[in-house]
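*Asks:*
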C-alpha cells in the first residue's frame, strides 16, 4: 500500500507520522515544492521508526511527481494555511490554482488513486477536484467532517466531564465556521443521549464552540492546527487501505442525497477499499435539515468563485 501526501508542512508531516505509526502502509511519499523540506521531514520521521516500532518506509521529494507513481491513495494538503482572523473561504484564489496543478500531476502518475482533499476551503476544493478530473465520486473525499466531529467529541467530553472514549457524535454540513451542523440530538454518552446529561443551553454552547474550533486554534497558534487534521486524515487513509467499512462524515459529491445535487458537503459515508462505498442517509428533523440547506447555500456561493 503506497500513500502520497502532497504538502510537507505541519499538516502533511503529521499525516505521514500518524500513518507510519499505525504501520499499515508499506510506503509513504512526502512531496513539497520547497527544496529539501520533504526530504528532511521524511528523514526525521524515518529516524523515529526504531523508536516507535514501525516499518513503513517514508521518502521525500521536491516536486518530483514521478516518485509518487502507482500510489493507491493520494492526500492533498498543499496550499496556504489560515492566519488569525481569516476565514477558510478567503484562501480560495491561491489554493484553487495549487490544487488544480497538484491533482493533475498526481493522477498523471497514479491514475487509479483515491484522492483525499484537505486544502481549504475544503468542500470547494473537493468539488474542484471532481470537476477537473472527472473521476467517479467514490474516489474523491473531503476530510473536513472527520476533523470537525473529533472537535465536537472533545467539546462534548469536556462539557460532560467524561472520558472521550465514552462519547460519540457527528458533524455534517460544510467545513466552515458558519456551515457546520453538529448533530447534538444524535450525540451519545455510552449509548445514552447526551441530552440526558446536558441542558439545551449547554449543548448549544458545545455546538458553537465546535463550529469555531479551527478559528480558536488559529488565534492561539497563529496558524492552522495540524495534529488533529493529521490524525483525521490517517483515520480515513487506514479505513480505505484496510477495507474497514468504517463510517465517517466526509465531504462527498451528492447526487440527490439530502435533497442536494452537484455539491460536495459533509455527510456520513462508509469508507472501504473502493473509497466512498456508501453515502448514509440519516434522519434529520426540520431544524437540522434547515441548517443543512443553509450550509449548502454557503458552499454553493463559495463554489461560484471558482474559475475552471
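Numbering (the numbering used here), first residue to last: 1 to 308. Glycine included, each C-beta is placed from N, C-alpha and C at the ideal position.
Does the distance from the CB of residue 73 to the CB of residue 270 come in under 8 Å?
*Replies:* Counting from 1 along the chain shown, the entry for residue 73 is found at position 73. Counting from 1 along the chain shown, the entry for residue 270 is found at position 270. Going by C-beta atoms, residue 73 is not nearer than 8 Å to residue 270.
*Asks:* To the nearest angstrom, how far is the alpha carbon of residue 77 from that of residue 199?
*Replies:* Along the chain shown, read from residue 1 onward, the residue named residue 77 stands at position 77. Along the chain shown, read from residue 1 onward, the residue named residue 199 stands at position 199. Cα to Cα, the separation comes out at about 38 Å.
*Asks:* Do residue 265 and residue 295 count as a contact pair if the criterion is CB distance below 8 Å?
*Replies:* Position 295 of the chain shown, counted from the first residue, corresponds to residue 295. Position 265 of the chain shown, counted from the first residue, corresponds to residue 265. Contact flag set, yes.
*Asks:* Residue 1 and residue 140 look like a contact to me (Cβ under 8 Å); what is the Cβ gap, rounded to whole Å?
*Replies:* Along the chain shown, one-based indexing puts residue 1 at 1. Along the chain shown, one-based indexing puts residue 140 at 140. Contact flag wrong, Cβ pair sits at about 19 Å.
*Asks:* Is residue 277 helix, strand or coil when you go by DSSP?
*Replies:* On the chain shown, residue 277 is found 277 positions in, with the first residue counted as 1. In this structure, residue 277 counts as strand in the three-state DSSP scheme.
*Asks:* For residue 268, does the count of other Cβ atoms within 10 angstroms reach 16, so buried, or fall short, so exposed?
*Replies:* For the purposes of this step, residue 268 is identified with residue 268 of the chain shown, where counting begins at 1. Residue 268 should be labelled buried.
*Asks:* Flag residue 245 as yes if its beta-carbon sits less than 8 Å from any beta-carbon of chain C, otherwise no.
*Replies:* Of the protein chains in the structure, only one exists, and it is not chain C.
*Asks:* Does DSSP put residue 255 in a helix, in a strand, or in coil?
*Replies:* Within the chain shown, the letter at position 255 stands for residue 255. It is a strand residue.
*Asks:* Where does the unbroken beta strand (DSSP E) through residue 171 begin, and where does it stop?
*Replies:* The count along the chain shown starts at 1 and reaches residue 171 at position 171. Counting along the chain, the beta strand (DSSP E) containing residue 171 begins and ends at 171 to 173.
*Asks:* Would you check if there are 3 or more beta carbon pairs closer than 8 Å linking the region 287 to 304 to the region 148 to 161?
*Replies:* Output reads no: the region 148 to 161 does not touch the region 287 to 304.
*Asks:* Judging by CA-CA distance, which residue of 38, 195, 112 and 104 is the nearest neighbour of residue 311?
*Replies:* Because the chain spans 1 through 308 in this model, residue 311 falls outside it and cannot be assessed.
*Asks:* Let's test the definition: count the other Cβ atoms within 10 Å of the Cβ of residue 185 and tell me whether it reaches 16, buried, or not, exposed.
*Replies:* Translated into the one-based positions of the chain shown, residue 185 becomes position 185. Its Cβ having fewer than 16 others within 10 Å, residue 185 is exposed.
*Asks:* Could you give the DSSP three-state label for residue 98: helix, strand or coil?
*Replies:* The residue labelled residue 98 in the question sits at position 98 within the chain shown. Residue 98: helix per DSSP, three-state reduction.
*Asks:* With a floor of 4 residues, list each alpha helix (DSSP H) that falls wholly inside the region 154 to 203, ordered by position along the chain.
*Replies:* Listed in chain order, there is nothing to give.
*Asks:* So who's on the other strand from residue 39, going by DSSP bridges?
*Replies:* Indexing the chain shown from 1 puts residue 39 at position 39. Answer by DSSP bridge pairing: none, since residue 39 is not bridged.
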